[in-house]
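Chains as they are written, first to last, in the numbering used here: chain E, 1 to 234; chain L, 1001 to 1234.
Structure first, then comments.
Number of protein chains: 2
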Amino acid sequence: MNAVASLFSPYSPLVSIDCVIFGFQGHSLKVLALKFNDTNIFALPGGFIKETEDIDAAAHRILSERTGVNEVYLEQFGVFGKVNRVKVETRSKLIEALDFPESHKDFIENRFVSIGYFSLVDVNQVVLNKDGVSESLEWYDIENLPILMHDHKEIVEAARKSLSDDLYNHAVGKNLMPEQFTMNELQNLHEAILGAKLTRTNFQRKMLSLGFLERIEKKFTGKAHKAPFLYSFR
Amino acid sequence: MNAVASLFSPYSPLVSIDCVIFGFQGHSLKVLALKFNDTNIFALPGGFIKETEDIDAAAHRILSERTGVNEVYLEQFGVFGKVNRVKVETRSKLIEALDFPESHKDFIENRFVSIGYFSLVDVNQVVLNKDGVSESLEWYDIENLPILMHDHKEIVEAARKSLSDDLYNHAVGKNLMPEQFTMNELQNLHEAILGAKLTRTNFQRKMLSLGFLERIEKKFTGKAHKAPFLYSFR
DNA sequence: CCAAAAGTGTTTTAGCTACACCCATGA
DNA sequence: TCATGGGTGTAGCTAAAACACTTTTGG
């Protein structure tokens, strides 16, 4: 065995991509999850990389196929590569339920390393589009997700940590809020991401001081209190 | 073509690992780079993942093989997966110069996605150990690296950004400094990482206020000035 | 007029910056 | 005693937190 051969045996795990797609509704941070046909198996939307595709492009494609949105915020936040991250029983069930063609079984039975991307989308802009293998694709409250296969729960947690670790660097609101919104709604979003309460008055000042909000007009809610301003991002 | 087959063609890039190994000497942040046998090609120490190895374990092994150190700080900071990140001419030169066995050519000619890890080591603890394919393995000043192959320069920059983005979260000093050191030396390290000057007096207060430094004794330098304290990490 | 939520002002605290000052050391 | 670098004190600024106060709205 020469010097090169001693360095490695020709082996490599294969690569997949999993997307944690964040949305926001009411008071809750939402995550998109799908359920595979004829199973009770829930998973993050994911996919594979094409031969002529950068990994970022692959993530954008996967996201776009599922949500119809393009040009959204997408960030790679980690790689998940434990040997046993894929539960073989789950994989077997899937292969059976989804009627995998023989030609693809070899592929899917490999060890996979998965690249995690998270994305921020406006739920109102999204047209959910489940593919042929999933019987549902839905928004779930991040505090109340179904049991996800493999290490997908861990992937969601890592995505959330990455997002909240620098909330103010990501243009979180710009990507998750509708065109116009009240300060209260924006605060609800931040609280949902952080999983903690913020003080109203200081939050307001903080946001305004950052200078990327524009005050639009008053929003009369029909409620017995002062009408809040509507804001949009500059 | 059934629903499954329409989702993907059985293709995946392969996976490699590249390590940005940081050290510190004098006033400079150092990075380990190797030069391949009979070439002028410089690269980051890297390697591949074994079948029964978690990716973190693979990174630890690669690091340990090159530096002899175990149990060091190691952090995954990103994945590099552009289609054209590997320069084919460079790869051809390497295959030729290193006398690749036929059996391994197929493997190495694949597209690779590389997982970036950075590591912080005490240069005094390191015993450099070049492998059979590299004729040198040396510390280089990060401001004065040789030209690195492929996208390795970009990988180094990403590692440095990741490190400096939260300097205070990583126990940077603990991993890069020797057992005992002066405040001035610690400041030099921080300045080298940030690439910027810090004010002496405020740096001192900041470090002491963090509470993880312990004052050991005076260090008499033989110079015509007050002897500085020696510190160590608790 | 009242309750509820929105918006603003004020006080205090903490951390950082800048800079003055003193101290220890060897030549 | 001087130059040099080390160590500490302090005033000023800014950002954040806590909380009081005013405003607007519909009932």
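Positions of the beta carbon are idealized from the N, C-alpha and C atoms, including for glycine.
This structure is a prediction, so every number in the text was calculated from the model and none was measured.
Fill in: DSSP three-state assignment for E:Thr-39, whether helix, strand or coil
coil
Discussion item. Considering only the alpha carbon of each residue, which of L:Glu-1179, L:Leu-1198 and L:Ser-1009 lies closest to E:His-104?
Written reply: L:Ser-1009
Practice prompt. Quick one: give me the first and last residue of the alpha helix (DSSP H) that E:Asp-165 is part of.
Written response: 152–165
Worksheet item: Can you give the Cα-Cα distance for L:Phe-1036 and L:Val-1133, rounded to whole angstroms?
Response: 6 Å
Fill in: heavy atom of the ligand PLP below 7 Å from L:Phe-1048 C-beta
This structure lacks the ligand PLP; in fact it carries no ligand of any kind.
Item to complete: Kindly indicate which residue of L:Lys-1218, L:Val-1123, L:Val-1015 and L:Ala-1043 has the alpha-carbon position closest to the one of L:Val-1072.
Response: L:Val-1123
Worksheet item: What residue from E:Leu-128, E:Arg-234 and E:Ile-193 has the CA that sits closest to E:Gly-68's CA?
Response: E:Leu-128
Worksheet item: Cβ of L:Leu-1007 less than 8 Å from any chain E Cβ?
Response: yes
Practice prompt. Flag L:His-1104 as yes if its beta-carbon sits less than 8 Å from any beta-carbon of chain E, otherwise no.
Written response: yes
Practice prompt. Determine whether the Cβ of E:Gln-76 lies closer than 8 Å to any Cβ atom of chain L.
Written response: Interface annotation, E:Gln-76: in contact with chain L, CB-CB separation under 8 Å.
Discussion item. I'd like to know if the region 1179–1199 of chain L and the region 1016–1034 of chain L are in contact, where contact means that at least 3 CB-CB pairs between them fall below 8 Å.
Written reply: yes
Fill in: Contacts of E:Val-79 in chain L (Cβ-Cβ under 7 Å)
Ile-1055, Gln-1076, Val-1079 and Ile-1115
Practice prompt. Kindly list, in the order they appear in chain L, the residues whose Cβ is closer than 9 Å to that of E:Val-126.
Written response: Residues of chain L passing the Cβ test: none, with the nearest at roughly 20 Å.
Practice prompt. Check whether the region 18–25 of chain E touches the region 147–162 of chain E, taking contact to mean three or more Cβ pairs, one atom from each stretch, closer than 8 Å.
Written response: yes
Worksheet item: Mind pulling the chain E residues with CB within less than 9 Å of L:Gly-1047?
Response: Leu-7 and Phe-8
Worksheet entry | Amino acids of chain E, ordered along the chain, whose beta-carbon sits closer than 7 Å to that of L:Thr-1235 | For residue 1235 of chain L there is no data in the structure shown, the boundaries of chain L being 1001 and 1234.
Worksheet item: The beta strand (DSSP E) spanning L:Arg-1091 covers which residue range?
Response: From DSSP, L:Arg-1091 is part of no beta strand (DSSP E) but of the alpha helix (DSSP H) over 1088–1097.
Worksheet item: Where does E:Gly-116 land, buried or exposed, given buried means 16+ other C-beta within 10 angstroms?
Response: buried
Item to complete: Keeping to the same chain, check which residues put their C-beta closer than 7 Å to that of E:Ser-237; ignore five residues upstream and five downstream.
Response: The structure shown has nothing for residue 237 of chain E, since chain E only spans 1 to 234.
Practice prompt. Given a cut-off of 8 Å, decide if E:Leu-63 and E:Ser-119 are closer than it, judged by their beta-carbon atoms.
Written response: yes
Worksheet item: Taking the continuous alpha helix (DSSP H) assigned at E:Lys-218, which residues delimit it?
Response: Per DSSP, E:Lys-218 belongs to no alpha helix (DSSP H); it is in the beta strand (DSSP E), 213–218.
Item to complete: Taking all protein chains shown into account, decide if L:Asp-1018 is buried (16 or more other Cβ within 10 angstroms of its Cβ) or exposed.
Response: The C-beta of L:Asp-1018 has 16 or more other C-beta atoms within 10 Å across all chains shown, which makes the residue buried.
Discussion item. So if I threshold CB-CB distances at 7 Å, which residues from the region 1156–1174 of chain L count as touching chain E?
Written reply: Result list empty, no residue passes.
Item to complete: Determine, using beta carbons only, whether L:Ile-1049 and E:Ser-12 come nearer to each other than 8 Å.
Response: yes
Worksheet item: Of the residues E:Gly-46, E:Phe-203, E:Glu-154 and E:Ser-16, which one's Cα is nearest the Cα of L:Val-1079?
Response: E:Ser-16
Worksheet item: So, L:Ser-1164 versus L:Leu-1194, is the Cβ gap smaller than 8 Å?
Response: Yes.
Fill in: Proximal chain L residues relative to E:Gly-26, where beta-carbon distance stays under 7 Å
In chain order: nothing, as chain L lies at least about 33 Å away.
Item to complete: Put L:Glu-1135 into one of helix, strand or coil per three-state DSSP.
Response: strand
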